[in-house]
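First comes the structure, then the notes that go with it.
2 protein chains.
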Amino acid sequence: MKKINVNLSQNPYPVYIGSNIVDQLNKKIIKHCKGSSLFFVIDSRVNHYHGKLITKIIKEFPNKTGKFIFNSTEKNKSYESLNHIYEKLINGKYGRDTAIIAIGGGITGDIAGFAAATYMRGVEYVQVPTTLLADIDSSVGGKTGFNFGGIKNIIGAFHQPKFVLIDTSFLTTLDKNELICGLGEALKYSFIATEALAKFFNLKFKSLLQGEQSSIAKLIEESIEFKSAVVESDEKESGLRKILNLGHTFAHAIEAEQKNLIKHGQAVVAGIVCSIFLSQSLGILNPRKEKEFLNAVNLFKGSIKLKSPNADKIYRFMQTDKKNRSGDIKFVLIQDTGKILLDISAGKKLVLDSIKKGIEVFA
Amino acid sequence: MKKINVNLSQNPYPVYIGSNIVDQLNKKIIKHCKGSSLFFVIDSRVNHYHGKLITKIIKEFPNKTGKFIFNSTEKNKSYESLNHIYEKLINGKYGRDTAIIAIGGGITGDIAGFAAATYMRGVEYVQVPTTLLADIDSSVGGKTGFNFGGIKNIIGAFHQPKFVLIDTSFLTTLDKNELICGLGEALKYSFIATEALAKFFNLKFKSLLQGEQSSIAKLIEESIEFKSAVVESDEKESGLRKILNLGHTFAHAIEAEQKNLIKHGQAVVAGIVCSIFLSQSLGILNPRKEKEFLNAVNLFKGSIKLKSPNADKIYRFMQTDKKNRSGDIKFVLIQDTGKILLDISAGKKLVLDSIKKGIEVFA
């Protein structure tokens, strides 16, 4: 089992990574949590495939436990679901000494994490991500939240877990689309991190797509190491951490325009290609790099399909993104591998053109 | 204008205290907040008496502003009200650069503060308390939250304001019952802080009850200085800060049993007298002090009236208090002025007896 420390100033915590390690969950809970009661929020799909193992783990915990099986869709990432969790906690008489354990993907983690952030003004939280996207993305950073008024993650809180346990064997039962999502987010890291990661990503893409465990484990470790370093230096996303949003301004709008029929990680790939085109048209992007980046994006052709995308509509959704609400849209753009520019403004025409060129790749 | 610094490790902030100082709100906002948009949550009663002045202040702010007039009852300290605030923020396209300003009592501050803690994972928050209870109690500590499932403040977050502005002239339009509430909480400080504050409180009680401004200002300052020192050393209520809960385990249950027909500060006085009796029956309380404490409590006779209180019901509500959910009820008890004992257990019979004796004082 590998251990990576996320060294936040206030709430440092370890991320454990390994294959078939979820049976050590109780041991880690006893090590890292003060909480004597446990409340599990478990993704229903994960419960379908791994329910027997999870139930065994829960039963073996010496103190009080409870669970909530959660159908983790964007639609269910709502106050209503949160409401159910609060009610279960209250009716089960869970106290301040509770730890909430999320077993599932990003949606499950976000809503369980928000419940942990706000139940009794905050109880302990443990994350057991089960999708590649959650492994490499939501396991580091402490972002929690839910959707409201049609806007993704508009209500939320920063709440760091006591620890994260990533068992890569959960990925063996992962839906192909979900794997693509994770790889889409990993594509982003291959652009914003190091040449070494970029090389590894391009070289191993086929193995990764086939779910080859050792490559995936390496990808997860590298991504987490990189993201930790970024988040450690900017816990509340006031500066550097924005580099993690490469492609995301476009991606959120594409997801909305596609009525959430494509997945976040897929939209991120489409968003990244739009930001490549915008970087190019603003003269920011290293021309030698452009082809390299587009080749990496093209690895996803055939795995991502936008349904009759409309550039104007996407643009309008960008204007209502929570990051852009008080005025101009600001972009995170790319100059070179690991060289990211923040808070760039661009004229409407250039933005629209880059959306048009970007969506064409996956139309 | 007096300034007291609340020196928290992460988010230190000043509390300004004075008479007729609210017209300096914009100046202080510009000084302390980065937020360029302001969203005001204003108690409807305060708006009734001071709406003209508040509107003038809002109009004079150079950037975008909006407001929500809030009927601040315990019933309205709900997710539904929070929902309205979130909707107003979303529909008004408020961004991350928003500051939420609460003008009102504790309920208004708690719900506006929670909105600030969670809108876009946290925006700036400013508190302008307008009741004596909020002045001396909720202005320090960063507790925010709302009621859910019939349980007070069960959902919440710690979110420190950028600054607090206490204008004692708001107290001139305060309902008498509200003044009693503040004095009830001040009674607690007179027990847990210093002999000097206790002496001042007893000596000046009549002036305070008549709303005499200079005495009230001194009471607010002393209470805030004391509470700041406590909160500074224990921001998240893991230890020392529990002394602030003297009487509160009883008080929350009394409020619930009285169906919230009495006010929090009044219930605190009734709760304190119960904890005096419990401290005495456990042999904790200095007998010389007992009479002195009861004399102070008796100052409130005539101002607090419980309606057919039922000790058994109160006991049952104590068992469901959020602090006691996972087992034993733990009490904060008193030995002497400034000498408070934490996490004391007591047998059911002794607790019931102390409730009976306590409620008799105000029956």
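Protein chains in written order, with this note's numbering: chain F, 1 to 363; chain S, 1001 to 1363.
No residue lacks a Cβ here, since even glycine has one placed at the ideal position from N, Cα and C.
All values derive from a computational prediction rather than experimental measurement.
Nearest CB-CB separation between S:Gly1149 and chain F: below the 7 Å threshold. When beta bridges are read from the DSSP output, F:Pro287 appears opposite no residue.
With its beta carbon at least 7 Å from every one in chain F, S:Arg1241 lies outside the interface. Taking the Cα positions, S:Thr1098 is about 9 Å away from S:Ala1116. Ranked by Cα distance from S:Leu1341, the first of S:Asp1043, S:Gly1358, S:Gly1239, S:Gly1271 is S:Gly1239. S:Gln1266 counts as buried, since at least 16 other C-beta atoms from the protein chains shown sit within 10 angstroms of its C-beta.
Residue-level contact by beta carbon holds for S:Phe1158 and chain F, with a gap shorter than 7 Å. S:Glu1074 sits in coil when the DSSP states are folded into three classes, being neither helix nor strand. The DSSP-derived three-state label of F:Ile262 is coil. Among the residues facing chain F, S:Ile1155 is included, as its CB has a counterpart in that chain under 7 Å away. Identification of chain S residues near F:Tyr86 by a Cβ-Cβ cut-off of 8 Å yields Phe1148, Gly1149, Ile1154, Ile1155, ordered along the chain.
Taking one beta carbon from each stretch, the region 1041-1057 of chain S and the region 1089-1106 of chain S have 3 or more pairs nearer than 8 Å; the two touch. Closest by C-alpha distance to F:Asn147, out of F:Gly113, F:Asn76, F:Tyr94, F:Asp234, is F:Asn76. Around the beta carbon of S:Ser1345, fewer than 16 other beta carbons lie within 10 angstroms, which makes this residue exposed. The DSSP-derived three-state label of F:Thr320 is coil. At a cut-off of 7 Å, the C-beta of F:Thr337 has no neighbouring C-beta in chain S. For F:Phe39, the uninterrupted beta strand (DSSP E) run begins and ends at 37-43, by DSSP.
Using beta-carbon distances, S:Thr1118 counts as an interface residue toward chain F, with a partner under 7 Å. Apart from sequence neighbours up to five positions away, the residues of its chain that approach S:Asp1043 with a beta-carbon distance below 7 Å are Phe1070, Ser1072, Ile1103, Gly1104, Gly1105, Thr1108, Thr1130, ordered along the chain. Non-local C-beta neighbours of S:Phe1362 in its own chain, meaning closer than 7 Å and more than five positions away in sequence, comprise Ala1270, Ile1304, Lys1305, Leu1306, ordered along the chain. Taking the Cα positions, F:Tyr125 is about 14 Å away from F:Thr65. The criterion of a C-beta distance shorter than 7 Å is satisfied by F:Val15 and F:Ile4. Taking CB atoms only, S:Ile1107 has no neighbour in chain F less than 7 Å away. Shown here, F:Lys93 sits in coil according to DSSP, grouped into three states, outside any helix or strand. Residue contact with chain F for S:Ile1029: absent (no Cβ-Cβ distance below 7 Å to any residue of chain F).
Below the 8 Å Cβ cutoff, chain S contributes no neighbours of F:Lys67, its closest Cβ being approximately 17 Å away. Closest by C-alpha distance to S:Ile1085, out of S:Ile1180, S:Val1041, S:Ser1036, S:Gly1051, is S:Val1041.
Residue pairing of F:Thr173 in beta bridges, as defined by DSSP: absent, with no partner found. Setting aside the 5 residues that flank it on each side, F:Lys152 is surrounded in the same chain by His252, each with a C-beta closer than 7 Å to its C-beta; the list follows chain order. Taking 7 Å as the CB threshold, S:Ile1090 lines the interface with chain F. The beta carbon of S:Arg1288 does not come within 7 Å of any beta carbon belonging to chain F, so the residue lies off that interface. For F:Gly122, the three-state secondary structure derived from DSSP is coil. Rounded to whole angstroms, the Cβ separation of S:Asn1063 and S:Ser1019 is 28 Å, and the two are not in contact under 8 Å. For the C-beta of S:Gly1122, the chain F residues within less than 9 Å are, from N- to C-terminus, Gly156, Ala157, Phe158, Lys236. Restricted to the region 1214-1277 of chain S, the alpha helix (DSSP H) segments that are unbroken, complete and at least 4 residues in length are 1248-1257, listed in chain order. Going by C-alpha positions, S:Phe1226 is about 7 Å away from S:Ala1193.
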